[in-house]
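In what follows, a structure is listed as structure tokens, so that the remarks can point back to it.
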Amino acid sequence: MQYQPKIHLRRQDIASAEALVRWQHPSRGLIMPGDFIAAAEEAGSIAALSLWGIKQVIADQRRLAATGHDIPIFINISGVLLADADFVVEACRLLKGSKAKIGFEITETAVIRDPAVALRHLQQFADIGIPVAIDDYGAGLSSLAYLKQLPASELKIDKMFITQLTSSNRDPLIVRSTIDLAHAMEMEVTAEGVESPAALALLSVMGCDLVQGYLISRPLNFDAFLTFVEKEGHRAMSMPSMPGIQRNEAFWKRA
């Protein structure tokens, strides 16, 4: 499991992180989720994999909190599992008793598979205090009909709109309108795939709440993530407020 930090632009601190599973195969090397998640879904192994991930993230979040950095960590949940009542019950049991700050990220397309069941299960998560973030917003069939029903507190704009934010005429309009829409619905907005200081500055002007991407940090294993939080997080919080966007780029850019 690796972790990618999310920076809150106004507070200029590390607000949360996204947990990202990686498979280090003994002979094939590093295999990315795009190459094995679909296979796990088809093989019926995705529930077991996801429950393992939840247990690992709970343990890591507790370790993080023990060092004085009680940062929420969000886990991606497969759309297949939103229709799995047994998984939902077990996930709720694990999280309810853990006292760890854990949230779930789901995509709109996951809800579209079976809206009634998915919305009911998402509400079960919300009822026990698990925050829900809408992931990859804009990449699929974005529907306001579903958006207004989702018990979500965060909306993540897909990186396809962020990577061309400063070179496209239309993407800034889409991003700005999405930020305004999410705020009107009382959700925070995260921009994914932030890779340039220019995009970071523009997102700040647009009122985006959080940013995530290679400009800030690549996904890190737990020990490296803890080092990032302790060293760079402290440096970020000690920086002056806006226009702190122009701060030393060495903080923002980590390979």
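The sequence shown begins at 17 in the working numbering and counts up by one.
Beta carbons: idealized from backbone N, C-alpha and C, even for Gly.
Exercise for the section: Look at the alpha carbon of Ala33 and the alpha carbon of Ala132, and state the distance between them as a whole number of angstroms. Expected result: The residue given as residue 33 occupies position 17 in the sequence shown. The residue given as residue 132 occupies position 116 in the sequence shown. Their backbone Cα atoms lie some 29 Å apart in a straight line.
Practice task
Please confirm if the segment 137-153 is in contact with the segment 120-128, defined as three or more CB-CB distances below 8 Å between the two stretches.
Solution key: The answer is yes - the segment 120-128 touches the segment 137-153, with three or more Cβ pairs under 8 Å.
Practice task
Can you grab the Cα-Cα spacing for the pair Ala168 / Ile232, in whole Å?
Solution key: Locating residue 168 in the sequence shown gives position 152, where the first residue counts as 1. Locating residue 232 in the sequence shown gives position 216, where the first residue counts as 1. Their Cα atoms are separated by approximately 25 Å.
Handout entry: Option nearest Leu218 by Cα separation, candidates Gln228, Arg192 and Ala240
Key = Numbered from its first residue, the sequence shown carries residue 218 at position 202. The shortest Cα separation from Leu218 among Gln228, Arg192 and Ala240 belongs to Arg192.
Problem - Simplified DSSP assignment, three categories, for Ile62 - result: By 1-based counting over the sequence shown, the position of residue 62 is 46. When secondary structure is reduced to three states using DSSP, Ile62 falls in the helix class.
Exercise for the section: Give me the Cα-Cα distance between Phe238 and Asp29, rounded to the nearest whole angstrom. Expected result: By 1-based counting over the sequence shown, the position of residue 238 is 222. By 1-based counting over the sequence shown, the position of residue 29 is 13. Distance from the CA of Phe238 to the CA of Asp29, rounded to the nearest whole angstrom, comes to 18 Å.
Problem - Cross-strand partners of Gly11 (DSSP beta bridge) - result: No statement about residue 11 is possible, as the shown extent of the chain runs from 17 to 271 and does not include it.
Problem - Phe244 versus Asn92 - alpha carbon distance - result: Sequence index remark: in the sequence shown, residue 244 carries index 228 (1-based). Sequence index remark: in the sequence shown, residue 92 carries index 76 (1-based). Distance between the alpha carbons of Phe244 and Asn92 is about 22 Å.
Exercise for the section: Return helix, strand or coil for Ala31, following the three-state DSSP convention. Expected result: Walking along the sequence shown from the start, residue 31 turns up at place 15. Shown here, Ala31 sits in a strand according to DSSP, grouped into three states.
Problem - Per DSSP, cross-strand counterpart(s) of Leu236 - result: Locating residue 236 in the sequence shown gives position 220, where the first residue counts as 1. Tyr19.
Handout entry: Contacts around Glu208, its chain only, beta-carbon distance under 7 Å, and the 5 residues preceding and following it disregarded
Key = On the sequence shown, position 192 is the one that residue 208 refers to. Within the same chain, Cβ atoms closer than 7 Å to the Cβ of Glu208 are found at Lys172, Ile173, Asp174, Lys175, Ile178, Gln228 and Gly229, the five residues on either side in sequence being excluded.
Practice task
Give the straight-line distance between the Cα atoms of Thr199 and Gly45, rounded to the nearest whole angstrom.
Solution key: The sequence position of residue 199 within the sequence shown is 183, counting from 1. The sequence position of residue 45 within the sequence shown is 29, counting from 1. Correcting the residue type first, residue 199 is His in the shown sequence and not Thr. Whole-angstrom Cα-Cα distance: 42 Å.
Handout entry: Where Val104 sits in the DSSP three-state scheme
Key = Translated into positions along the sequence shown, residue 104 becomes position 88. In the three-state reduction of the DSSP assignment, Val104 falls in the helix class, which pools H, G and I.
Handout entry: Alpha-carbon spacing of Thr83 relative to Ala134, whole angstroms
Key = Translated into positions along the sequence shown, residue 83 becomes position 67. Translated into positions along the sequence shown, residue 134 becomes position 118. Between Thr83 and Ala134, the C-alpha separation is close to 36 Å.
Handout entry: CA-to-CA distance, Cys108 to Glu211, given in whole angstroms
Key = Here residue 211 is taken as the residue at index 195 of the sequence shown, counted from 1. Here residue 108 is taken as the residue at index 92 of the sequence shown, counted from 1. The alpha-carbon of Glu211 is positioned some 35 Å away from that of Cys108.
Handout entry: Which of helix, strand or coil DSSP assigns to Ala126
Key = Position 110 of the sequence shown, counting from 1, holds the residue named residue 126. When secondary structure is reduced to three states using DSSP, Ala126 falls in the helix class.
Practice task
Specify the secondary structure class of Leu226 as computed by DSSP and reduced to three states.
Solution key: Within the sequence shown, residue 226 is the residue found at index 210, counting from 1. In this structure, Leu226 counts as strand in the three-state DSSP scheme.
Practice task
Closer than 6 Å by C-beta to Asp151: which residues in its own chain qualify, once you throw out the five before and the five after it? Chain order, please.
Solution key: Position 135 of the sequence shown holds residue 151. Residues Glu121, Thr123 and Lys172 of the same chain have their beta carbon placed closer than 6 Å to that of Asp151, with the five preceding and five following residues left out of the count.
Handout entry: Residues that Asp170 bridges to, as DSSP identifies them
Key = Working through the sequence shown from its first residue, we reach residue 170 at position 154. Looking at the sequence shown, residue 170 is not Asp but Glu. Among the bridge pairs identified by DSSP, Glu170 is matched with Ala149 and Glu204.
Exercise for the section: Go ahead and label Gly60 buried or exposed: buried means 16 or more other beta carbons lie within 10 angstroms of its beta carbon, across all protein chains shown. Expected result: As a working mapping, residue 60 is identified with position 44 in the sequence shown. So Gly60 counts as exposed.
Handout entry: Gln40, buried or exposed, once every other Cβ within 10 Å from all chains shown has been counted against 16
Key = Within the sequence shown, numbered from 1, the residue matching residue 40 stands at position 24. Of the other Cβ atoms in all chains shown, fewer than 16 fall within 10 Å of the Cβ of Gln40; this residue is therefore exposed.
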